[in-house]
Amino acid sequence: MILTTLPLILALFYEDVTARPAAPLPPAPSAVVQTEGVGSLDVSVRDQVVSGSVPRGAQRVPFVTLSLSAGCENDVTVDSITVTHRGLGDPSDIRAVYLANGTKRLTRAVRFSGANGMEANLRLKKFVIPACSATTISVMADINQTASPAGEHTITILSAEDIHTTAQKTTLSKNDAVTVETKPVKEGVLTVRMLSVPSFVSYGNNAKTARFQISSDNKADHLLRSITLTNKGTARGYDLRANYLETSSGDRVSRLTQAMDGDTITMTFDPPYLLKKNADIVFVLRSDVRGSYKTVQFALEEPSDLYATLWKKP
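Per the numbering used here, the very first residue in the sequence shown carries number 25; after that it's consecutive.
This is the structure:
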């Protein structure tokens, strides 16, 4: 389950998802759209292979995977993708929907809206697929903590016209949709609190650019896998280099991230960090500062930007 408050972010995590075939959807399983753009894009949509069930408040629930392949004529930029909610559950049961590539969120997390309250337009920033290459992204959702028990939800892309790109020809192929059900179960809560650091950073190595505390409740142990922070200050890209996380005692706990991706930075715990129940830990982001007169004010923009899983003794 995920709750967002200020300055705290509470996150409940799930293990598995229940999925079963949904009722047939009106659109045809494949479609082609022609525009005045250049190049071509083939989009194959497949459902995630999942099992189990989703508790209310679960985050990063994978609904579908998109394989995008650009033709060899030109690079293709994907501007946005519109997804539609189907199923017997209320769309308001879904707190947010977004696109992700692995652990990295690619779009803002938005609610279903539109004239019928069942559509969400997911806008990407500078998402370019080079000619003759392919990439895979996922449609993920965060479930509301007050979602109706046994609610049924399907998220789908209805047609190729819902994929907005610079390609002249976009082809969409998809299989049968699945329905995800929610259950009134709580699996454990993580609380993330951003701590203060000086906002102005000076040129030099190993600067302290962010601090945050993660606390666990008494329900479950967790493995912390990655965290994506968004800078509300002015530092971007290679202004911060050779970034890594350490504990307040100085133990390094993450892989090295060479630079920010625009205004965000994703840090991967290596190995995954075990946070026991009823425990808390402070992490420090260290960076080599290469920009002049830059500021840092990192935040956890969405609860799902912290990626963790439940840990159970073997």
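We put the CB at the ideal spot given by N, CA and C, even for glycine.
Proline 327 by DSSP, collapsed to three states: which one? The residue you call residue 327 lines up with position 303 of the sequence shown. Residue state, collapsed to three classes: helix.
On a CA-only basis, which of Val69, His109, Tyr331, Ser328 is nearest alanine 139? Give me that one, please. Translated into the one-based positions of the sequence shown, residue 139 becomes position 115. Proximity to alanine 139 across Val69, His109, Tyr331, Ser328 peaks at His109, based on C-alpha coordinates.
Would you tell me roughly how many angstroms separate the C-alpha atoms of glycine 228 and threonine 319, rounded to the nearest one? For this step, residue 228 is matched to residue 204 along the sequence shown. For this step, residue 319 is matched to residue 295 along the sequence shown. Glycine 228 and threonine 319: Cα-Cα distance of roughly 14 angstroms.
With a CB to CB cut of under 7 angstroms and the five nearest residues on each side skipped, what residues in its chain are close to serine 316? Taking the sequence shown and counting its residues from 1, one reaches residue 316 at position 292. Its chain contains Tyr227 as the residues whose beta carbon lies nearer than 7 angstroms to that of serine 316, once the 5 sequence neighbours on both sides are disregarded; these appear in chain order.
Could you tell me the alpha carbon to alpha carbon distance between asparagine 267 and proline 173, rounded to whole angstroms? Within the sequence shown, residue 267 is the residue found at index 243, counting from 1. Within the sequence shown, residue 173 is the residue found at index 149, counting from 1. Computed Cα separation, rounded: 42 angstroms.
Is the beta carbon of threonine 106 closer than 8 angstroms to that of asparagine 168? Your numbering for residue 168 matches position 144 in the sequence shown. Your numbering for residue 106 matches position 82 in the sequence shown. Contact annotation: asparagine 168 and threonine 106 have beta-carbon atoms that are not nearer than 8 angstroms.
Assigned secondary structure, glutamate 176 (DSSP; H/G/I helix, E/B strand, else coil): Taking the first residue of the sequence shown as position 1, residue 176 is located at position 152. In the three-state reduction of the DSSP assignment, glutamate 176 falls in the strand class.
Just to confirm the assignment, what range does the beta strand (DSSP E) spanning glutamate 143 have? Numbered from 1 along the sequence shown, position 119 holds the residue referred to as residue 143. Secondary structure note for glutamate 143: its beta strand (DSSP E) is the uninterrupted segment 143-153.
Taking a contact to mean a Cβ-Cβ separation below 8 angstroms, would you say valine 100 touches threonine 189 in this structure? Here residue 100 corresponds to residue number 76 of the sequence shown, with the count starting at 1. Here residue 189 corresponds to residue number 165 of the sequence shown, with the count starting at 1. Yes.
Here's the rule I'm using: 16 or more other beta-carbon atoms within 10 Å means buried, otherwise exposed. How should aspartate 342 be labelled? Since the displayed the chain opens at 25 and closes at 338, residue 342 lies outside it and no answer follows.
Following the continuous beta strand (DSSP E) through leucine 247, name the residue where it begins and the one where it ends. Looking up residue 247 in the sequence shown gives position 223. Per DSSP, leucine 247 belongs to the beta strand (DSSP E) from 245-255.
Helix, strand or coil at glycine 81 [DSSP, three-state]: Within the sequence shown, numbered from 1, the residue matching residue 81 stands at position 57. Here glycine 81 sits in coil by DSSP.
Return the residue from the list Ser272, Met142, Tyr262 that minimises the CA-CA distance to alanine 283. Here residue 283 refers to the residue found at position 259 when the sequence shown is read from its first residue. Looking at the Cα atoms, Tyr262 is the closest of the given residues.
So the beta strand (DSSP E) aspartate 166 belongs to, where does it begin and stop? In the sequence shown, counting from the first residue as 1, residue 166 sits at position 142. Unbroken beta strand (DSSP E) run through aspartate 166: 158-167.
Between the Cα of phenylalanine 224 and the Cα atoms of Thr258, Ile251, Ser240, which residue gives the shortest distance? Numbered from its first residue, the sequence shown carries residue 224 at position 200. Considering only alpha carbons, the answer is Thr258.
Does the Cβ-Cβ distance between alanine 165 and glutamate 326 come in under 8 angstroms? To locate residue 165, count along the sequence shown from 1; it is residue 141. To locate residue 326, count along the sequence shown from 1; it is residue 302. In this structure, glutamate 326 does not lie closer than 8 angstroms to alanine 165 by Cβ.
Using DSSP with H/G/I as helix, E/B as strand and the rest coil, what is tyrosine 262? By 1-based counting over the sequence shown, the position of residue 262 is 238. In the three-state reduction of the DSSP assignment, tyrosine 262 falls in the helix class, which pools H, G and I.
Excluding sequence positions up to five away, which residues of its chain have a Cβ less than 8 angstroms from the Cβ of valine 62? Position 38 of the sequence shown, counted from the first residue, corresponds to residue 62. Taken in chain order, the residues that qualify are Glu97, Asn98, Thr190, Ala191, Gln192.
Suppose you measure from the CA of glutamate 143 to the CA of phenylalanine 136; what does that come to, to the nearest Å? Start at 1 with the first residue of the sequence shown, and residue 143 comes out as number 119. Start at 1 with the first residue of the sequence shown, and residue 136 comes out as number 112. Computed Cα separation, rounded: 5 angstroms.
Can you tell me whether alanine 35 is helix, strand or coil according to DSSP? Residue numbering aside, residue 35 sits at position 11 when the sequence shown is read from its first letter. For alanine 35, the predicted model reports a pLDDT of 44, less than 50, meaning its position is unreliable; a value from the coordinates is still stated below. Looking at alanine 35 - three-state DSSP - the assignment turns out to be strand.
How far does the beta strand (DSSP E) with threonine 101 in it reach, from first residue to last? Walking along the sequence shown from the start, residue 101 turns up at place 77. That run of the beta strand (DSSP E) goes 100-110.
Spell out a yes or no on whether the segment 115-124 and the segment 237-257 are touching, meaning 3 or more CB-CB pairs, one atom from each, closer than 8 angstroms. In short, these stretches do not touch, since the Cβ pair count stays below three.
Taking the straight line between their C-alpha atoms, what separation do you get for phenylalanine 151 and threonine 131? Position 127 of the sequence shown, counted from the start, is the residue given in the question as residue 151. Position 107 of the sequence shown, counted from the start, is the residue given in the question as residue 131. Straight across, the Cα-Cα distance linking phenylalanine 151 with threonine 131 is about 10 angstroms.
DSSP beta-bridge partners of aspartate 312: Within the sequence shown, numbered from 1, the residue matching residue 312 stands at position 288. Note: aspartate 312 sits in a beta bridge opposite Arg265.
Test item: CB-CB of threonine 127 and tyrosine 297 under 8 angstroms: Translated into positions along the sequence shown, residue 127 becomes position 103. Translated into positions along the sequence shown, residue 297 becomes position 273. No, the Cβ-Cβ distance between threonine 127 and tyrosine 297 is not below 8 angstroms.
Work out the CA separation of leucine 90 and alanine 158 for me, nearest whole Å. In the sequence shown, counting from the first residue as 1, residue 158 sits at position 134. In the sequence shown, counting from the first residue as 1, residue 90 sits at position 66. Rounded to whole angstroms, alanine 158 and leucine 90 show a C-alpha spacing of 10 angstroms.
Under the three-state reduction of DSSP, which class applies to serine 116: helix, strand or coil? If you number the sequence shown from 1, residue 116 lands on position 92. Here serine 116 sits in helix by DSSP.
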